[in-house]
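A short write-up of the structure that comes next.
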Amino acid sequence: MTHKTFILYVRNFIFGAEDSLVSTVGLLSGIASAGIARKEIIISGIVLICVEAFSMSVGSFLSERATEESFSDYKEPESASRLAAAIMFFSYFLSGLIPIFPYWIADVSRAFWWSIIASLLALSVLGFISARILKTKILKNILRMTILGGLAIGLGVAVGMIFK
109 MTHKTFILYV
119 RNFIFGAEDS
129 LVSTVGLLSG
139 IASAGIARKE
149 IIISGIVLIC
159 VEAFSMSVGS
169 FLSERATEES
179 FSDYKEPESA
189 SRLAAAIMFF
199 SYFLSGLIPI
209 FPYWIADVSR
219 AFWWSIIASL
229 LALSVLGFIS
239 ARILKTKILK
249 NILRMTILGG
259 LAIGLGVAVG
269 MIFK
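Add 108 to a position in the sequence shown, counting from 1, and you land on the number used in the working numbering.
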């Protein structure tokens, strides 16, 4: 595997996991703060991660192939694009289960906070893992991932409260 292919896979893993954690907890906390029932929150979360995991993987594949076709010096085999898309799918889907899980086991008011906390912790772990893999500054990566993700989560809560 070339270094370029390795970076493609890492990028898809990080992008899928981060986007899923932030989008899913943003949606769940937003609709929970709007007073939606627990069952509908869970269904909404599951629908979101299924549709988005597939959509993100297709987008990854199509954008990688478009890049391949546009630049003569950028040559990755189609199999690398397919594997990158699969990595995107599974990282999105599995990461999306983290913010949904608290709603399966707790009432909405408790699950709301546990979902946010679990997602922020997962973002921190993702920041750590990506820093280790890419050999970048660990604390900087953790803080960047957690703070930026936290801002997006806060936006979801705010929008839910506004439309409550």
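The beta carbon of each residue, even a glycine, is placed where N, CA and C say it ideally should be.
By Cβ distance below 6 Å, which residues in the same chain neighbour residue i in space, the five residues on each side in sequence not counted?
{"i": "Ile122", "result": "Ser238"}
{"i": "Phe169", "result": "Ser189 and Ala193"}
Looking only at C-alpha atoms, which of the options sits nearest to residue i?
{"i": "Leu205", "options": "Asn120, Thr110 and Thr132", "result": "Thr132"}
{"i": "Tyr117", "options": "Phe198, Leu191 and Val265", "result": "Leu191"}
{"i": "Gly235", "options": "Ala219, Asp127 and Ile157", "result": "Asp127"}
Less than 8 Å between the beta carbons of residue i and residue j, yes or no?
{"i": "Ile224", "j": "Ile255", "result": "no"}
{"i": "Ser163", "j": "Ala193", "result": "no"}
{"i": "Tyr211", "j": "Ile139", "result": "no"}
{"i": "Ser222", "j": "Ala214", "result": "It is worth fixing the name first, because residue 222 is Trp in this sequence and not Ser. Closer than 8 Å, so yes."}
What does the alpha-carbon distance come out to for the pair residue i and residue j?
{"i": "Ile195", "j": "Ser152", "result": "23 Å"}
{"i": "Leu135", "j": "Arg240", "result": "30 Å"}
{"i": "Gly258", "j": "Pro185", "result": "36 Å"}
{"i": "Ile250", "j": "Arg173", "result": "31 Å"}
Could you pull out every residue in the same chain whose Cβ sits closer than 8 Å to the Cβ of residue i, ignoring the five residues on either side in sequence?
{"i": "Ile157", "result": "Ser128, Thr132, Tyr200, Phe201, Gly204, Leu205 and Ile208"}
What does a CB cutoff of less than 7 Å around residue i pick up in its chain, not counting 5 residues either side in sequence?
{"i": "Val216", "result": "Ala140, Arg146 and Ile149"}
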